[in-house]
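Novice: Adding 810 to a residue's 1-based position in the sequence shown gives its number in our numbering.
All C-beta atoms in this analysis are idealised placements derived from N, C-alpha and C, irrespective of residue type, glycine included.
Please read these numbers as outputs of a predicted model, since none were measured by experiment.
The structure follows.
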Amino acid sequence: MSDNRIERIDPDQLNLHIERVVHTNKVSKTHKGGRTMSWQVMVVVGDGKGHVGCGIGKALGVPDAIRKAIEAARKNLVKVPIVGSSIPHEVSVKVGATRIVMRPASPGTGVVAGSTVRALLEAAGIHDVLAKLVGSRNSINAAWATMECFREIRWPEQTADLRNMKLSKLAPWYVKKYLDVEEAKHA
């Protein structure tokens, strides 16, 4: 289980300027006197710097549903570890009937993913990643699976600590490329 589940992120401290509607659905409830139509909307919010959230809102009108979905998404924020412009390691998660596999990609590859997953990755600020959905490709299932994937991603330092390994042995590419740059900046 990742540390991202424990830490609560305050949305008021962040500049969540990316807001995107990824799914709308007209739903109805049947009563004795007829049907009541309403809208269900899923929205993705993010700051482009590793914070992302998604939420669902339901109301009689689309604007109210979007407002509710944005409020829900701001309450459901996670911090995504980003190394360079990609994720630090491959991760695979199954949520319901949806399985998602995310792999880091070399710079310049871009986001190779479906529309819902792409919206979440771009809102998080990830520019180079390969993602594949297997099983159910429903937008809502894909979004929840992607959020769970984000919660499972760990920094290389966290993985090294869990395995009682030196970081230079676990991820020499990370030490060489990113930690040497940080040490050079501070020197």
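Could you confirm whether any beta carbon from chain D is found closer than 9 Å to the beta carbon of A953?
Specialist: No chain D appears in this structure, which consists of one protein chain only.
Novice: L870 and P821 look like a contact to me (Cβ under 8 Å); what is the Cβ gap, rounded to whole Å?
Specialist: That pair is no contact at about 26 Å.
Novice: Using a Cβ distance threshold of 8 Å, determine whether the segment 878–887 contacts the segment 838–857, with at least three qualifying pairs required.
Specialist: Flag = yes, the segment 878–887 and the segment 838–857 touch.
Novice: Evaluate contact between the segment 953–963 and the segment 900–908, counting only Cβ atoms and requiring at least three cross-stretch pairs below 8 Å.
Specialist: Enough Cβ pairs lie closer than 8 Å, so yes.
Novice: Which residues does DSSP pair with W954 in a beta bridge?
Specialist: According to DSSP, which records beta bridges pairwise, W954 is partnered with nothing at all.
Novice: Would you mind giving the Cβ-Cβ distance between P851 and V837, rounded to the nearest angstrom? I have them listed as a contact below 8 Å.
Specialist: The amino acid occupying residue 851 in the given sequence is Val; Pro does not appear at that position. Not really, about 11 Å apart at Cβ, beyond 8 Å.
Novice: Determine the contact status of I936 and I897, defining contact as a CB-CB distance below 9 Å.
Specialist: Yes. Within cutoff.
Novice: Using only the alpha-carbon positions, how far apart do G1009 and D938 sit?
Specialist: Outside the modelled stretch of the chain, which goes from 811 to 997, sits residue 1009, for which no answer is possible.
Novice: For I828, which of K842, I880, I866 has the nearest alpha-carbon?
Specialist: The shortest Cα separation from I828 among K842, I880, I866 belongs to I880.
Novice: Start and end of the alpha helix (DSSP H) containing T926?
Specialist: From DSSP, the alpha helix (DSSP H) with T926 extends over 925–934.
Novice: Determine whether the beta carbon atoms of V862 and T834 lie at a separation below 9 Å.
Specialist: For V862 and T834, no; Cβs fall outside 9 Å.
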